[in-house]
Amino acid sequence: MNSAQIEKNVKKVMEDFSKDSFIFDLLLAYGTPKATVTLLQKGRRNLSKEDHQVILKKKLFFHECKDEDLHITIDNLQKEKKTMSHSPRFVVVTNYKNLLAVDTKTKESLDIEIQDLAKYYAFFLPWAGIEKHRHITENPADRKAAEKMARLYDGILAENKIHDTSRTHDLNIFLARLLFCFFAEDTDIFENNIFTDFIGSHTQINGEDLHEQLEKLFEALNTKYEERENLPAHLEKFPYVNGGLFAKKHWIPKFSAKARRIIIENGELDWKDINPDIFGSMIQAVVHPGERGSLGMHYTSVPNIMKVIEPLLLNELREEFEKYRGNNKKLDALRQRMGKIKFFDPACGSGNFLIITYKELRELEMKIIEEMGTFSFSDISLDQFYGIEIDDFAHEIAKLSLYLAEHQMNVKFKEKFGDTKPTLPLKEGGNIVCRNATRVDWEDVCPKDKDDEIYVMGNPPFEGARKQTADQKNDLELIFKKDFNDLDYVSAWYHIGSRYIQNYNAKLSLVSTNSICQGQHVNFLWPHILIDELEIDFAYTSFKWKNNAKANAGVTCVIVGLRNTSN
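Residues in the sequence shown are numbered from 4 upward in steps of one, following my numbering.
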């Protein structure tokens, strides 16, 4: 059941309001099985013996008030052991004039006149398996780290001549390796502070030998334990990492005393709370000095990403989970299915869509394992994630951010179940390639066959018809052949994407400027897209595509989802 249907259901509950059946009607509105509610109403599923209470395990502790103060009552209930003994997601008290509720997971509360409940229907969406996604605001650690990395980047450029794309690529990889080391020493991948101590204790204060020492360290991180023969003791302490991050030898820049000090200052920050999904976008600004005044300006907020991925795939997976509760065979089949799906962002930037999708899948998988009551390791891996990104640094950061997200989810998994797959040695950090998505065969990046289940998603570049470069015009000409001069650049992704999903078990959902559904675009673009085999799956009408950074990018957008024709 989706949120739009739930909203209608709650409005109906309030229109036909009855004190005697209110709480049961409300549960039904959120998709609680009718049989469960019937048994609850008859008292056979009600875990409370009090006439004025209803308790449904893992869902609800409901208390009907007469003359009591609602606020005092709900405070007292939360302090009582028996209230939480059945792990209710929500504690709800009402005198049928006002309603108070607490979400025991998020600690959020609701305090309203009961007649306004339909306005606040989203508060209880977790009953339907739809979790509330809080806006992630800028974490001070994200901003501080990005600012210090910008200073380091400037210091490196002052000491080194970056004269070609090869050298730029090497620098991008070097920065990604540094970021991994900072994160690793604060999150138990490495020993605590081992990397920063290495810089401080084993390199000269003037920075002259820092590049040589880092080269030795990176080589050690790529050396298996059984192949380490003559490593000095301080390098032997570092684990074997590999996974492609340290696999090849790349040029390492030279450093001044100032740049060395900035590296140490970076290491002294606490990196464990870095959000990979916002931090990657902020770090992108490091290598684009014109964007530094508003680090994170192009960060895509989680709620906006959810507008794309929930109707594309997450809602269906969550609904299946709710439907199969109590049926371990079908739950296990769902878990295995999730471990085989391919996720593809052909304009992935620093990986935000892929990272949030990965996190959401891991969260759902943990719920499935918990519901089944039998432990199993995660089946979801980074090699299910594919991306194309034209900017070399963003493409390196996307791979790194997926590593960081994987480790963070492994930590959560271990906290919940007591064990997890080891983070090291790293596996490949997603199949992210640095190419022009309009000039590469998408099947070469994300291969597909008839047995695959594939979801294409993303936020491609928006450039309008009058703001495109000559190269972008050439890209559109290559794809459309004619009638392309008035098309927005994002049109290319819709055209290529529609061909990519055609006749396969695949769907696509992209963000674009709202102009693609207006004016000349209707005639020039959509006849290419809505061919016999394809149709619109879902869509969002115009809204402001904003993020939560202090200076955010606000563009009027639509989201259009495409699928193969369905019955």
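All residues carry an ideal CB built from backbone N, CA and C; glycine is no exception.
Bear in mind the structure is a predicted one, so any value in this text is a computation, not a measurement.
Under the criterion of beta carbons closer than 8 Å, THR107 and PHE93 qualify as touching, at roughly 7 Å.
Under the 10 Å beta carbon count, ASP348 is surrounded by 16 or more other beta carbons and is classified as buried.
The beta carbon of PHE396 is closer than 6 Å to those of ASN175 and VAL290 in its chain, skipping five residues each way along the sequence. Under the DSSP assignment, CYS184 falls in the alpha helix (DSSP H) whose first and last residues are 168-187.
For TYR458, same chain residues with a beta-carbon under 6 Å away, outside a window of 5 residues either side, are LEU315, LEU316, PHE346 and LYS510 in chain order.
In the DSSP annotation of this structure, the continuous segment of the beta strand (DSSP E) that includes PHE541 starts and ends at 537-548. Under the DSSP assignment, MET375 falls in the alpha helix (DSSP H) whose first and last residues are 355-375.
By the criterion of a C-beta distance shorter than 7 Å, ILE26 is surrounded in its chain by VAL57 and PHE65, once the five residues flanking it on both sides are discounted. One Cα belongs to ASN434, the other to LEU533, and the distance between them is close to 29 Å.
Within the region 35-62, complete alpha helix (DSSP H) segments of at least 4 residues are found at 37-45, given in chain order.
Measuring C-alpha to C-alpha distances from TYR123 to each of SER6, GLU538, SER501 and LEU405 identifies SER6 as the nearest.
Distances from the CA of LYS147 to each of GLY432, ILE344, ILE277 and ASP422 were compared; the closest alpha carbon is that of ILE277. If you compare the alpha carbons of ASP444, ILE372, GLY467 and ASP454 with that of THR423, the shortest gap goes to ILE372.
GLU268 is not bridged by DSSP to any residue.
Of the residues assessed, SER88 falls on the exposed side of the cut-off, its CB having fewer than 16 other CB atoms within 10 angstroms. Beta-bridge partners of GLU392 (DSSP): CYS437.
When only Cα atoms are considered, GLN339 and GLY247 end up about 27 Å apart. Scanning its chain for C-beta atoms nearer than 6 Å, with the 5 sequence neighbours on each side dropped, one finds around PHE388 the residues PHE346, LEU357 and GLY433, in chain order. Secondary structure of ARG566 (DSSP, three-state): strand.
Here the alpha carbon of GLU116 sits roughly 9 Å from the alpha carbon of THR97. For TYR492, the three-state secondary structure derived from DSSP is coil.
For the options ASN508, PRO463 and LEU528, the alpha carbon positioned closest to that of GLU480 is the one of LEU528. Rounded to whole angstroms, the gap between the alpha carbons of PHE241 and ASN163 is 28 Å. According to DSSP, GLY461 shares a beta bridge with LEU513. The criterion of a C-beta distance shorter than 7 Å is satisfied by ALA350 and PRO463. Per the Cβ contact rule, the region 255-271 is not in contact with the region 437-451 (fewer than 3 Cβ pairs under 8 Å).
For GLU211, there is no enclosing alpha helix (DSSP H), as DSSP gives it neither H nor E. Per the Cβ contact rule, the region 396-407 is in contact with the region 170-186 (3 or more Cβ pairs under 8 Å).
With fewer than 16 other beta carbons inside 10 angstroms of its own, PRO235 counts as exposed. When DSSP states are grouped into helix, strand and coil, THR86 belongs to the helix group. No Cβ-Cβ contact shorter than 7 Å links ASN508 with GLU536. The beta carbon of GLN44 sits closer than 7 Å to the beta carbons of PHE27 from its chain, once the five residues preceding and following it are set aside; these are given in chain order.
Between ALA468 and ILE482, the gap from beta carbon to beta carbon reaches 7 Å or more. Pairwise C-beta distances place the region 181-191 in contact with the region 402-416, as three or more of them are shorter than 8 Å. Contact between ILE208 and GLY270 is ruled out by a C-beta separation of about 15 Å, above the 8 Å threshold. Apart from the 5 residues on each side of it in sequence, THR206 sits with its Cβ closer than 7 Å to the Cβ of ASP212, LEU213, GLN216 and ARG263 in its chain, given in chain order.
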